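Quick note on the working numbering: the sequence shown kicks off at 191 and runs consecutively. Built from N, CA and C at the ideal position, the CB exists for glycine as well. Source: prediction; values computed, not measured.
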Amino acid sequence: MRGVDDERAVGVVTRFWEALDAMAWDAAGAELRADIVVGLPDSGRVLTTREQVVAFNAGYPGRSRCAVRRTLGRAGPVAAETEVVNDRLGRFRCAGFSEVDDGVIVAADECWVGPSDATWRRPPRRRQAGRAYRSRCAT
């Protein structure tokens, strides 16, 4: 069972994603410390201020709907799996790991996967001796 502090930390992260879903940029920013550091390992980008994080999200093309699917926050960072559906770019998943202190997110790492990122998981089709070969790992 999560402690009171863990529940509050999960609430901060959930409110952040809910604000992004509502395109309520000021409300999203209110959940972030001014000197937050957000790492995006898939792109190598690092955002280092509340303003950068809000501008990054506000400047994304299209309309994104965000839904937190599950969270985990026990004596450490809050982990949140969030589904984001963008009307121009498609469906994405974010595995985020957020440090919460004094009621705001102070640091986070967000690992994103989307439609184009899934291709590496598909087994290659090969031709062997003139006939189609399909990996036994294929489903």
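Segment limits, beta strand (DSSP E) that includes residue i
{"i": "E241", "result": "Run containing E241: none in the beta strand (DSSP E); it sits in the alpha helix (DSSP H), 240-248."}
8 Å contact criterion, which residue i and residue j should meet: CB distance rounded
{"i": "I226", "j": "A285", "result": "That belief does not hold up - the Cβ atoms of I226 and A285 are roughly 18 Å apart, past 8 Å."}
{"i": "V228", "j": "V268", "result": "That pair is no contact at about 14 Å."}
{"i": "A218", "j": "F206", "result": "6 Å"}
{"i": "V294", "j": "L222", "result": "6 Å"}
Among the options, nearest to residue i - alpha-carbon criterion
{"i": "R260", "options": "Y250, E271, L210", "result": "E271"}
{"i": "A212", "options": "W302, N247, I295", "result": "N247"}
{"i": "V303", "options": "G201, D196, L230", "result": "L230"}
{"i": "G266", "options": "V290, L237, G234", "result": "V290"}
{"i": "R283", "options": "A245, D277, D292, P305", "result": "P305"}
{"i": "D196", "options": "S288, E300, D299, C301", "result": "S288"}
{"i": "C185", "options": "G234, D216, E208", "result": "In this structure the chain extends from 191 to 329, so residue 185 is not present and cannot be described."}
Residue i versus residue j: straight-line alpha-carbon distance, rounded
{"i": "S254", "j": "L210", "result": "8 Å"}
{"i": "T239", "j": "A220", "result": "12 Å"}
{"i": "G252", "j": "L279", "result": "8 Å"}
{"i": "D232", "j": "A224", "result": "24 Å"}
{"i": "A199", "j": "V258", "result": "14 Å"}
{"i": "Q242", "j": "G249", "result": "10 Å"}
{"i": "D299", "j": "C256", "result": "17 Å"}
{"i": "G263", "j": "R281", "result": "25 Å"}
{"i": "D292", "j": "D216", "result": "18 Å"}
{"i": "N276", "j": "E208", "result": "15 Å"}
**Q.** Inside the region 194-219 only - alpha helix (DSSP H) runs reaching at least 4 residues
**A.** 194-211
Q: Run through the region 227-307 for me and flag every whole alpha helix (DSSP H) of 4 or more residues, listed as ranges in chain order.
A: 240-248
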